[in-house]
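In this text, residue positions in the sequence shown follow the working numbering: the first is 2, and each later residue adds one.
Here is the structure we will look at, set down as structure tokens.
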Amino acid sequence: MSSDIIGTTRPSGTGRTARAGGSVRRTGTAALWDRAKTILIHIELAVLAVVVIYPLVWVVGASFGATGGLAQAS
Numbered sequence: 002m003s004s005d006i007i008g009t010t011r012p013s014g015t016g017r018t019a020r021a022g023g024s025v026r027r028t029g030t031a032a033l034w035d036r037a038k039t040i041l042i043h044i045e046l047a048v049l050a051v052v053v054i055y056p057l058v059w060v061v062g063a064s065f066g067a068t069g070g071l072a073q074a075s
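Structure representation (structure tokens):
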């Protein structure tokens with residue numbers, strides 16, 4: 002019996018979408034958690050840009066003779 006296999010059935014009321022594509026709108030705490038995760042991902046990407054990408058561009062730009070960055074320090 003396929004329903005005896007673990008993971009094939011899902012209890013009702015968990016807030017998950019019924020379709021694999023996620024086209025059904027989630028409600029309640031599941032929707033709030035989705036929104037919070039989306040905001041958190043955007044914050045993480047912003048921090049990554051500031052901490053990693055901006056200094057990298059700053060140093061590489063200075064090494065090619067661009068004004069500003071490390072070029073002003075020397």
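Glycine included, each C-beta is placed from N, C-alpha and C at the ideal position.
Determine, for S64, whether the minimum Cβ-Cβ distance to residues of chain C falls below 7 Å.
You won't find chain C in this structure, because it holds only one protein chain.
Considering G62, what are the terminal residues of the alpha helix (DSSP H) in which it resides?
As a working mapping, residue 62 is identified with position 61 in the sequence shown. G62 -> alpha helix (DSSP H) spans Y55 to S64.
Using only the alpha-carbon positions, how far apart do W34 and F65 sit?
For the purposes of this step, residue 34 is taken as the residue at position 33 of the sequence shown. For the purposes of this step, residue 65 is taken as the residue at position 64 of the sequence shown. C-alpha separation (whole angstroms): 45 Å.
Separation of I44 from R36, as counted between CA atoms:
As a first step, residue 36 must be located in the sequence shown, where it is residue number 35. As a first step, residue 44 must be located in the sequence shown, where it is residue number 43. One Cα belongs to R36, the other to I44, and the distance between them is close to 12 Å.
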